[in-house]
Amino acid sequence: MRIGLVYNPNSGKRENDRSLMKALASKLQGMYLFCTRSTHFHLKEYFDLEVIGSEPIFSDYRDTVNAGKVLSETDLVISIGGDGTASDIIAGMRKIGRLVPVVGVALGTSNCGPFIVLRSVSDIHEFDFLNIEPIWVTGLDVFEERYVGSAFNDIVISQTLISTVEGETCTIDASDFFYRNKRTRREPTSIASAASRLEINGEEITPRFQPSQIIISPFSEDMKSLYAYRAVNGLLCWLPYSLCNSAMIVSSRPIITMVEPGETVSADLKQFILASTDTVRLSGFNAFCVIDGNPRVDLSVSVGIEVVTNERAGLCVRRSDGK
């Protein structure tokens with residue numbers, strides 16, 4: 165078994181970094197472990213690693229995408245970061261055209277995606293790295309003329325994203341994070357402009373309000389079942405009875421943001437259940453396309469993006485509890 169390791173030093177929460185690394189090093193002792201130069205710099209004190217690839221070190225998300233490309237020749241890749249780290253690894257693999265299973269160690273802000281399997285030291289001790297069961301994961305592929313990446317939690321069209329600053333979860337400026345790799349606190353605002361355009365299969369969608377965020381999410385069968393009989397979710401309560409595996413919400417107020425626990429909130433929403441053959445196109449918004457927490461396209465200067473559902477967007481592994 166050839167196992168690749170990818171470490172993201174920019175992931176949201178790293179308080180448990182050392183204990184998880186020690187447990188993982190103990191579990192993987194004696195196995196053939198590979199990584200790129202950027203990961204080796206951070207993990208060399210824990211693991212006996214063979215460095216492969218000759219890519220330069222950028223100290224940003226490009227290191228993770230490049231690692232996905234290089235490590236696609238292994239049998240399994242361990243993603244040490246958050247949901248966005250796993251998404252970037254998959255993006256690298258997809259650009260090469262070769263997918264291998266990805267197992268995530270929870271060191272991100274949210275850690276809610278399908279690749280995050282190892283959340284604790286006990287999870288690592290109990291996981292059988294030599295006997296894995298790969299399963300396909302539904303995702304949303306993003307194209308800006310060429311393939312950009314895939315979302316397995318959500319695509320958010322917004323000026324901000326949720327991240328961690330000095331141990332605190334907050335909203336940060338997507339532009340600063342994308343262009344300067346800097347986490348600057350910021351509150352989200354309207355993303356509309358005179359050039360904004362949202363289409364489904366070429367038909368323009370015109371909500372009766374100024375959108376503050378647009379969110380598109382893929383749904384596994386397990387996730388769809390959570391909406392059964394819950395009509396308060398609006399159209400999403402139809403998902404369990406539908407063959408469709410993705411949905412979109414256009415909102416007059418930010419949804420991906422921080423709120424006070426007792427705060428009363430309201431928003432105008434427009435909801436869509438998307439068929440697997442649907443193509444969503446977005447252009448002209450004063451916002452970024454944020455893929456699983458990663459700002460990847462500046463829509464204010466882009467010709468636009470297209471989003472399509474892909475039922476084989478990536479490979480994860482079945483957990484010991486069968487999920």
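With the numbering used here as the guide, the letters of the sequence shown map in order to residues 165 to 487. C-beta: ideal position from N, C-alpha, C; glycine also. The structure presented is a predicted model; accordingly, all values stated were derived computationally and were not measured.
_Cα-Cα separation, Gly256 to Lys186_ = 27 angstroms
*Spatial neighbours of Ala488 within its chain, please: CB distance less than 8 angstroms, with the 5 preceding and 5 following residues excluded, ordered by chain position.*
No answer is possible for residue 488: it lies beyond the span of the chain, which begins at 165 and ends at 487.
*Which of the three DSSP states, helix, strand or coil, is assigned to Met165?*
coil
*asked:* Is it buried or exposed, Phe198, if we count other Cβ atoms within 10 angstroms and call 16 or more buried?
replied: buried
*From Glu427 to Cys334, what distance separates their C-alpha atoms?*
16 angstroms
*Less than 8 angstroms separating the beta-carbons of Gly338 and Leu325?*
The question names Gly, yet the displayed sequence has Ala at residue 338. Taking 8 angstroms as the Cβ cut-off, Ala338 and Leu325 qualify as a contacting pair.
*From Val471 to Glu385, what does the alpha carbon distance come to, in whole angstroms?*
20 angstroms
_For a test of the three-state rule: what should DSSP assign to Tyr343, helix, strand or coil?_
helix
_Collapsed DSSP secondary structure at Pro382 in the structure displayed_ = strand
_Quick check for students: name the residue ranges of the beta strand (DSSP E) that lie wholly in the region 201 to 276, counting only runs of 3 or more._
240 to 245, 266 to 270
*Looking at the unbroken beta strand (DSSP E) that takes in Leu282, where does it start and where does it end?*
280 to 282
*Per DSSP, what kind of secondary structure is Ser286 in: helix, strand or coil?*
helix
*Using the Cα positions of Ser218 and Tyr405, report the straight-line distance between them to the nearest angstrom.*
49 angstroms
*Entirely enclosed beta strand (DSSP E) segments - the region 429 to 475, minimum 3 residues*: 433 to 438, 443 to 447, 452 to 455, 458 to 462
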